[in-house]
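Visitor: Residue numbers (our numbering), protein chains in the order written: chain R, 1 to 27; chain E, 28 to 229.
Dropping the structure in here first, questions after.
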Amino acid sequence: FADPASNLGLEDIIRKALMGNLDDKQD
Amino acid sequence: NRMHLVCPMSLTPYVDPCKSGHGIWEEFSMSFTPAVREVVEFAKRIPGFRDLSQHDQVSLLKAGTFEVLMVRFASLFDAKERTVTFLSGKKYSVDTLRSMGAGDLLNSMFEFSEKLIALQLSEEEMSLFTAVVLVSADRSGIENVNSVEALQETLIRALRSLIMKNHPNETSIFTKLLLKLPDLRSLNNLHSEELLAFKVHP
Chain R
1 FADPASNLGL EDIIRKALMG NLDDKQD
Chain E
28 NRMHLVCPMS LTPYVDPCKS GHGIWEEFSM SFTPAVREVV EFAKRIPGFR
78 DLSQHDQVSL LKAGTFEVLM VRFASLFDAK ERTVTFLSGK KYSVDTLRSM
128 GAGDLLNSMF EFSEKLIALQ LSEEEMSLFT AVVLVSADRS GIENVNSVEA
178 LQETLIRALR SLIMKNHPNE TSIFTKLLLK LPDLRSLNNL HSEELLAFKV
228 HP
């Protein structure tokens, strides 16, 4: 439990939100 | 068994006793996810942020999201009324939240919010300050420190110029804002400790 941000699932949410933009650009 | 969740990013501090720890966690995650997405969208609009490596973008967001949310949602903490407004819009008094287990972190959040709001920043100033909060080269796990540092310096210079332009007779505002950065770090650390306790004992 050394990384609270990962525990929260924060990294996953952040990555998806960032990637979403890349997808938009591709579209 | 945890009966309360005293985080305003939750819809309510009351936890359904029939729900499993995992279920409580999922519900909490769903309530704060839109706010986190907004932070990411905000970061994307910071000129130069998207030019950083993807690894560093993620690292900055992972480390700084709580601090950005603290700045953006400072107004949820009403120091006069001593209430906190949760995402559902419902207000809870400090005494109520204390009885639910809220401790030092809540007091520190009130103190921070009161001081930040007292500066009466414009929307533009607040946005630029928030960008400075997010783009900090000394976050853990940064790969290209020089790039982040360069962006950080550009943002700090822009914030300084804006404050000097808008408040020529109140130059201490810029200093006060920079002093908020270590305050936010302390709050972030306290919050992380609470999260650890929550995860271990959901």
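Where is the CB? At the ideal position from N, CA and C, for every residue including glycine.
For clarity, every value in this text was computed on a predicted model and none was experimentally measured.
Determine, using beta carbons only, whether E/Lys192 comes closer than 7 Å to chain R.
Guide: Indexing the second sequence from 1 puts residue 192 of chain E at position 165. E/Lys192 does not count as touching chain R.
Visitor: Please list, in chain order, all residues of the same chain as E/Thr198 whose beta carbon is under 8 Å from its beta carbon, the five residues on each side excluded.
Guide: The residue you call residue 198 of chain E lines up with position 171 of the second sequence. Here the set comprises Ile190, Met191.
Visitor: List, in order along the chain, the chain R residues whose C-beta lies closer than 9 Å to that of E/Thr157?
Guide: Position 130 of the second sequence, counting from 1, holds the residue named residue 157 of chain E. Per Cβ cutoff of 9 Å: no residues; E/Thr157 is ~16 Å from chain R at best.
Visitor: My assumption, with CB atoms under 8 Å, is that E/Ala90 sits in contact with E/Arg166. Please give the rounded CB distance.
Guide: Taking the first residue of the second sequence as 1, we reach residue 90 of chain E at position 63. Taking the first residue of the second sequence as 1, we reach residue 166 of chain E at position 139. Correct: roughly 4 Å between the Cβ atoms.
Visitor: Using a Cβ-Cβ cut-off of 6 Å (strictly less than) and excluding sequence neighbours within five positions of E/Leu204, which residues of its own chain qualify?
Guide: Stepping through the second sequence from its first residue, residue 204 of chain E is reached at position 177. For E/Leu204, where only same-chain residues beyond five positions count, the Cβ hits under 6 Å are Phe156.
Visitor: On the DSSP bridge assignment, give the partners of E/His194 in chain order.
Guide: Residue 194 of chain E sits at position 167 when you count from the first residue of the second sequence. BP columns for E/His194 are empty, so no partner.
Visitor: Could you give the DSSP three-state label for E/Leu124: helix, strand or coil?
Guide: Mapped onto the second sequence, residue 124 of chain E falls at position 97. Correct three-state label for E/Leu124: helix.
Visitor: Which of the three DSSP states, helix, strand or coil, is assigned to E/Val63?
Guide: If you number the second sequence from 1, residue 63 of chain E lands on position 36. Looking at E/Val63 - three-state DSSP - the assignment turns out to be helix.
Visitor: Does DSSP put E/Phe100 in a helix, in a strand, or in coil?
Guide: The residue labelled residue 100 of chain E in the question sits at position 73 within the second sequence. Note: E/Phe100 maps to coil in three-state DSSP.
Visitor: Quick one: what's got a C-beta closer than 8 Å to E/Glu94's C-beta in the same chain, skipping five residues either side?
Guide: Counted from its first residue, the second sequence places residue 94 of chain E at position 67. Excluding sequence neighbours, E/Glu94 sits near Val160, Leu161, Leu211, Arg212, Leu214, Asn215.
Visitor: Would you mind telling me which residues of chain R sit closer than 8 Å to E/Ser135, beta carbon to beta carbon, in chain order?
Guide: Walking along the second sequence from the start, residue 135 of chain E turns up at place 108. Chain R residues near E/Ser135: none, gap ~17 Å exceeds 8 Å.
Visitor: For E/Pro35, count neighbouring C-beta atoms within 10 Å of its own C-beta (all shown protein chains included) and say buried if the count is 16 or more, exposed if not.
Guide: Along the second sequence, one-based indexing puts residue 35 of chain E at 8. E/Pro35 comes out buried.
Visitor: Buried or exposed: which applies to E/Leu206, given that a residue is buried once 16 or more other Cβ atoms fall within 10 Å of its Cβ?
Guide: One-based indexing of the second sequence puts residue 206 of chain E at position 179. Classification for E/Leu206: exposed.
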